[in-house]
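Be aware that the sequence shown starts at 6, since it is given in our numbering, and climbs by one per residue. Inspection log for the structure reproduced underneath, given as structure tokens.
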Amino acid sequence: MSEFEPIGDTKAQWGEGPIWWDGKFLWVDIEGHLVIEFDAVTGSETIANVGERVGTVVPRASGGLVIAGDSGFHFLDLTTGATQAITDPESDLPDNRFNDGKCDPAGRFWAGTMHLSKPRQPVGAMWRLDADHSVHRMFDDVTVSNGLVWNRAADTMFYIDSPTDEVVAFDFDLTTGAISGKRTVVDTAGFPGTPDGMAIDEDDNLWVAMCHGGRVMCFDSSNGKTLEILESPTLEVTAPAFGGDDLSDLYVTTGQSDKTVGDDLAGRTIVKQPGVKGVPAFAFAG
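Written out as structure tokens, the structure reads:
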């Protein structure tokens, strides 16, 4: 497919958190409180309402899913919609919620928080949930925690705090999960929109959804240069993820806003083949 096409029937209020796992495509509708699973073979959807804003979803290696939302980390049985609380590291901050997150190559679940007020305040944090269900604050001063990926060598973590208009990198220790050496690798300040969700391809190039900018941009992670720009048919692109049997499809979640009134594609998940392949996602090991 040379152009973006919509999938499924769900029109999210604010789609996010896309991930391909075991032949299925998963994502969330943050404001709709939904976790959605799309079967690319049958075209069917399985949907669970989790009763609160949910920022991201990841698979669990032993079966089922893990989500992070208004009240912390939870296990989710998508078939029944039942959730089981794991931990809420910011229970003392009722105006914060979890936003984007992913599992690292060792199966630890990283997810960041954000404040609900506008303008946003840098009172969020990045948290790491380990396989033993212990939770660790990795860094503070987060405003709107978003894109998160690891390179193929598993020695570098890339991260986006949206209002900074940049992608930063950390040295990453796969054994311990420790990070260090924060530095800027991509500056997006000169482009339309705000950096949001992020995916990485098999060449370690970064694919960044430019929210409010109607495009997904590909950057060379080694030098920050722009490699490609994919124009979206709808404005509020939120997060990309590679999927399909050979990971050659790029799925992009989108949202609705006062700027998308009358846009039938706003809130739909769209997909196209960009001519490159992604890398497999990782499941929570706990």
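Think of the CB as a built atom: it goes at the ideal place given N, C-alpha and C, for glycine as much as any other residue.
| request: Report all residues from its chain with a CB closer than 6 Å to the CB of Leu-4; omit the five preceding and five following residues, and keep chain order. | output: An answer regarding residue 4 cannot be provided, because it is not within the stretch 6 to 291 covered by the chain.
| task | Assign Pro-64 to one of three DSSP states: helix, strand, or coil. | result | Here Pro-64 sits in strand by DSSP.
| query | Is the beta carbon of Thr-274 less than 8 Å from the beta carbon of Ile-72? | reply | no
| query | In chain order, which beta strand (DSSP E) runs of at least 3 residues are fully inside the segment 81-168? | reply | 88-92, 101-108, 114-120, 129-134, 140-147, 150-155 and 161-166
| task | In the DSSP assignment, find the beta strand (DSSP E) that holds Gly-22 and state where it starts and stops. | result | Membership of Gly-22 in the beta strand (DSSP E) is indicated by the continuous run 20-26.
| query | Is DSSP giving Asn-228 helix, strand or coil here? | reply | Note: Asn-228 maps to coil in three-state DSSP.
| request: Please check the pair Arg-102 and Gly-152, which I expect to be a contact at CB under 8 Å, by giving their CB distance rounded to whole angstroms. | output: Actually they are not in contact, since the Cβ atoms of Arg-102 and Gly-152 sit about 17 Å apart, beyond 8 Å.
| On the three-state DSSP scale, how would you describe Pro-279? | coil
| query | Measuring CA to CA, which of Thr-92, Leu-232, Asp-44 and Ile-35 is closest to Lys-29? | reply | Asp-44
| Rounded C-alpha distance that separates Val-257 from Thr-181 | So the alpha carbons of these two residues sit roughly 32 Å apart.
| query | Taking C-beta to C-beta, are Gly-283 and Leu-240 nearer than 8 Å? | reply | no
| field | DSSP three-state assignment for Ile-184, whether helix, strand or coil | value | strand
| message | For the segment 200-211 against the segment 165-177, do three or more pairs of beta-carbon atoms, one drawn from each stretch, fall closer than 8 Å, so that the two count as touching? | response | yes
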